[in-house]
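In the working numbering, the protein residues as written are 857 to 1390.
Backbone N, C-alpha and C define an ideal beta-carbon position, used for all residues, glycine too.
As the structure is a computational prediction, the values presented were derived from the model and not from experiment.
Contents: one structure, followed by commentary.
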Ligand code: NAD
Ligand code: MLT
């Protein structure tokens, strides 16, 4: 029951396994309404008294819909990606977001292998011929997998399962995942490669990374040129990873031997999409998670989460809300936010295997507050690299699963002018990335990047440039961005001494294209370019 004695209303707007939802529909205190794909006016009236909203990937839970749902307290997503949910908007309203990330891993892995085999042996094409009365044993000559190279991009839950099965097929398996350490890869029997090398060496390239700014257009015109001639690409992750025009052009020119796609930039795929007309491209309508077993499991997991929320007021696996008592939250709320922002910043500065996350407390922090703040930092780091939602509860579990050590410590050395400082340090295969922050005027601030002094509000879209301090640098950067129509709303510079290592942090209004980032990297004296979104 809700506070006003009404039954707790659960709205389901995407197809979710009914059997798995039975614990909810059988519960006397719950009113479960299933309204698939409702028209806008119908959805608006349903949301007026909805307390829990359950979706798969079709429904887009946008800020506009959240506004129309005054009684909404929890959103449940069957599956991994919460990219169809405005999680930040939900957090602002105190609405918990839960998902069921593990239940469809095997389904997505097996679908990937279904596509790899179908593509290698032309199974759908031969089947279509047969159904048209033909019998052609020469046209659909296939290729074997044994002895070939499988390139797995993203060694998360699904990528790992795909890699294991590749080894079982007698393939050499190479992996690109900047956040996996060399030891972890070795433990799985695979080798890590930079993306260009993986693309150049693999016969089959299978994508398993999250969607989002950092991976959008991972396969584009330029990276397509790095792909080995005749290779095949499988995308069972997110449509936006592949620029569809680049893929169509590469197939038509014969550079790419084939592709199998389960996900698309815009879903449903347009009826007249050029992809539909290519004989060596296999398409499935986002079926990766569509097995009876996975759909049952995701629905059961969600049902458990909703019942726990209704009966015990707990959103234990919420991706967005910490389960701390209100008093603790009030005392450390700003430091939780600071920890998470610093973690997210660090996560987007990494480019080699992540081994450890250290949180260092400097100044007057209570012992009992250290753990939650460290978890917030870890959550920030992992959120920027994983597809599944990361919450306060699952962040330490996910870190353990990925072999990432965590630690927190006190350092009595405080910097002049500050009472409390927090360092988030990522230890990687190639060294440390350290970011230091403080709460200034009740808001988080980054005050050191490594050992360079800065003063940055960790908010919005940023370009972080590492450079050699030299005359004209700011002018060069400003002129280039001006020419490309990029508006700078804030610019911060940090350096040790004239002519030494320096850093520029530019906050900008709009997204910038990878081309602009590349041009920035070509300015003499610029030694590193990062795109960070907080
Ligand atoms: P995960 O979070 O467990 O793994 C993602 C991996 O990608 C991590 O190891 C991370 O380190 C790595 N990564 C992040 N950025 C990277 C980059 N730029 N380059 C290389 N590696 C990078 O996620 P998962 O559960 O394995 O899911 C993988 C993908 O599959 C996601 O996009 C998810 O949404 C999608 N998915 C699709 C279906 C479907 O129906 N087709 C079903 C389930 C999941
Ligand atoms: C996911 O992120 O879990 C998938 O895209 C599967 C789905 O939409 O069901």
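_Proximity of residue 1017 and residue 1092 at Cβ, strictly below 8 Å_ = Within the chain shown, numbered from 1, the residue matching residue 1017 stands at position 161. Within the chain shown, numbered from 1, the residue matching residue 1092 stands at position 236. Cβ atoms of residue 1017 and residue 1092: not closer than 8 Å.
*Any idea which residues DSSP pairs residue 1048 with across the strands?*
Against the chain shown, residue 1048 aligns to sequence position 192. Answer by DSSP bridge pairing, in chain order: 1031.
*CA nearest to the CA of residue 1255, picked from 1210, 1063 and 1101*: By one-based count along the chain shown, residue 1255 stands at place 399. Residue 1210 is the option with its Cα nearest to residue 1255.
*Beta-bridge partners of residue 1292, as assigned by DSSP*: Numbered from 1 along the chain shown, position 436 holds the residue referred to as residue 1292. DSSP output for residue 1292 lists 1279 and 1304 as bridge partner(s).
*Could you check how far apart the C-beta atoms of residue 1311 and residue 1356 are, in whole angstroms? I think they sit under 8 Å.*
Here residue 1311 refers to the residue found at position 455 of the chain shown. Here residue 1356 refers to the residue found at position 500 of the chain shown. Their Cβ separation, rounded to whole angstroms, is 19 Å, which puts residue 1311 and residue 1356 out of contact at 8 Å.
*Using the C-alpha atoms, what's the distance from residue 905 back to residue 1294?*
In the chain shown, counting from the first residue as 1, residue 1294 sits at position 438. In the chain shown, counting from the first residue as 1, residue 905 sits at position 49. Approximately 41 Å between the Cα atoms of the pair.
*Run of the alpha helix (DSSP H) containing residue 1168, from where it starts to where it stops*: Within the chain shown, the letter at position 312 stands for residue 1168. 1148-1168 is the span of the alpha helix (DSSP H), which, as asked, contains residue 1168.
*In the DSSP assignment, what residue or residues form a beta bridge with residue 1115?*
Numbered from 1 along the chain shown, position 259 holds the residue referred to as residue 1115. Answer by DSSP bridge pairing, in chain order: 1089 and 1137.
*asked:* By DSSP's criteria, residue 889 is part of a beta bridge. Which residues make up the other side?
replied: Against the chain shown, residue 889 aligns to sequence position 33. Paired residues: 867.
*Of the choices 1260, 1168 and 1303, whose alpha-carbon is the least far from that of residue 1274?*
On the chain shown, position 418 is the one that residue 1274 refers to. Checked all of 1260, 1168 and 1303; the closest Cα to residue 1274 is 1303.
*Compute every distance between the C-beta of residue 1378 and the non-hydrogen atoms of ligand 1, then say whether any falls below 7 Å.*
Residue 1378 sits at position 522 when you count from the first residue of the chain shown. It does not: the Cβ of residue 1378 is nowhere closer than 7 Å to a heavy atom of ligand 1.
*Does the distance from the CB of residue 971 to the CB of residue 1007 come in under 8 Å?*
Along the chain shown, one-based indexing puts residue 971 at 115. Along the chain shown, one-based indexing puts residue 1007 at 151. It is not a contact, given that the beta carbons lie outside the stated cut-off.
*For the alpha helix (DSSP H) containing residue 1381, list its first residue and its last residue.*
Your numbering for residue 1381 matches position 525 in the chain shown. Premise fails: residue 1381 is in no alpha helix (DSSP H) and is neither H nor E.
_Residues of its chain near residue 1309, where Cβ-Cβ distance is below 6 Å and the 5 sequence neighbours each way are ignored_ = Position 453 of the chain shown, counting from 1, holds the residue named residue 1309. Contacts found: 1350.
*asked:* Measuring straight from C-alpha to C-alpha, what distance separates residue 1073 and residue 1277?
replied: Position 217 of the chain shown, counting from 1, holds the residue named residue 1073. Position 421 of the chain shown, counting from 1, holds the residue named residue 1277. Those two C-alpha atoms are separated by around 37 Å.
*Can you grab the Cα-Cα spacing for the pair residue 1259 / residue 993, in whole Å?*
For the purposes of this step, residue 1259 is taken as residue 403 along the chain shown, with counting starting at 1. For the purposes of this step, residue 993 is taken as residue 137 along the chain shown, with counting starting at 1. Cα to Cα, the separation comes out at about 49 Å.
_DSSP three-state assignment for residue 981, whether helix, strand or coil_ = Against the chain shown, residue 981 aligns to sequence position 125. Of the three classes helix, strand and coil, the one that applies to residue 981 here is helix, per DSSP.
*Just the C-alpha distance for residue 1337 and residue 1206, rounded to the nearest angstrom, thanks.*
In the chain shown, the residue the question calls residue 1337 occupies position 481. In the chain shown, the residue the question calls residue 1206 occupies position 350. Residue 1337 and residue 1206 have their C-alpha atoms roughly 24 Å apart.
*Between the Cα of residue 1014 and the Cα atoms of 997, 1023, 1062 and 1039, which residue gives the shortest distance?*
Taking the first residue of the chain shown as 1, we reach residue 1014 at position 158. Nearest C-alpha to residue 1014: 1062.
*Given a threshold of 16 other Cβ atoms within 10 Å of its Cβ, counted over all protein chains shown, does residue 1038 qualify as buried or as exposed?*
For this step, residue 1038 is matched to residue 182 along the chain shown. Flag for residue 1038 reads exposed.
*Taking the C-alpha atoms as reference points, what is the distance between residue 1231 and residue 1132?*
As a first step, residue 1231 is located in the chain shown; it is residue number 375 there, counting from the start. As a first step, residue 1132 is located in the chain shown; it is residue number 276 there, counting from the start. Straight-line Cα distance between these residues: approximately 46 Å.
_Judging by CA-CA distance, which residue of 1193, 1041 and 1045 is the nearest neighbour of residue 1235?_
As a working mapping, residue 1235 is identified with position 379 in the chain shown. The shortest Cα separation from residue 1235 among 1193, 1041 and 1045 belongs to 1193.
_Is it the case that the segment 976-992 contacts the segment 1119-1131, given that we only count it when at least three CB pairs across the two stretches are under 8 Å?_
no
*Environment of residue 916 [buried if 16+ CB atoms lie within 10 Å]*: Indexing the chain shown from 1 puts residue 916 at position 60. Counting Cβ neighbours within 10 Å, residue 916 comes out exposed, since fewer than 16 surround it.
_residue 1212 in three-state terms, based on DSSP_ = Taking the first residue of the chain shown as position 1, residue 1212 is located at position 356. Strand at residue 1212.
*Which residue's Cα is closest to the Cα of residue 1265: 1300, 1224, 1272 and 1249?*
Position 409 of the chain shown, counted from the first residue, corresponds to residue 1265. Out of 1300, 1224, 1272 and 1249, 1224 has the C-alpha closest to the C-alpha of residue 1265.
*asked:* Given a cut-off of 8 Å on the beta-carbon distance, is the pair residue 863 and residue 886 in contact?
replied: Reading the chain shown from its first residue, position 7 is the one you call residue 863. Reading the chain shown from its first residue, position 30 is the one you call residue 886. For residue 863 and residue 886, yes; Cβs fall inside 8 Å.
*Specify, as a first and last residue, the run of the beta strand (DSSP E) that residue 1006 falls within.*
Locating residue 1006 in the chain shown gives position 150, counting from the first residue. Its beta strand (DSSP E) spans residues 1005-1009.
*Sort 1030, 1346, 1271 and 1238 by Cα distance to residue 1262 and report the nearest one.*
What you label residue 1262 is simply residue 406 of the chain shown in a count that begins at 1. Checked all of 1030, 1346, 1271 and 1238; the closest Cα to residue 1262 is 1238.
*Which word fits residue 1162, buried or exposed, when buried means at least 16 other C-beta atoms lie within 10 angstroms of its C-beta?*
Mapped onto the chain shown, residue 1162 falls at position 306. The C-beta of residue 1162 has 16 or more other C-beta atoms within 10 Å across all chains shown, which makes the residue buried.
*Does the segment 1093-1106 come close enough to the segment 1040-1057 to have 3 or more Cβ pairs within less than 8 Å?*
no
*asked:* Distance check for residue 1112 and residue 1240, CA to CA, integer angstroms please.
replied: For this step, residue 1240 is matched to residue 384 along the chain shown. For this step, residue 1112 is matched to residue 256 along the chain shown. Straight-line Cα distance between these residues: approximately 31 Å.
_Among 1245, 1050 and 1213, the one whose alpha carbon lies nearest that of residue 1289_ = The sequence position of residue 1289 within the chain shown is 433, counting from 1. The residue among 1245, 1050 and 1213 with its C-alpha nearest the C-alpha of residue 1289 is 1213.
_Assuming contact is defined by CB atoms lying nearer than 8 Å, are residue 1158 and residue 956 in contact in what I supplied?_
Here residue 1158 refers to the residue found at position 302 of the chain shown. Here residue 956 refers to the residue found at position 100 of the chain shown. A contact, by the Cβ cut-off of 8 Å.
*Considering only C-alpha positions, which residue in the set 1078, 1088 and 1154 is nearest to residue 1374?*
For the purposes of this step, residue 1374 is taken as residue 518 along the chain shown, with counting starting at 1. It is 1078.
*Classify residue 1322 as helix, strand or coil using the three-state DSSP reduction.*
Counting from 1 along the chain shown, the entry for residue 1322 is found at position 466. It is a strand residue.
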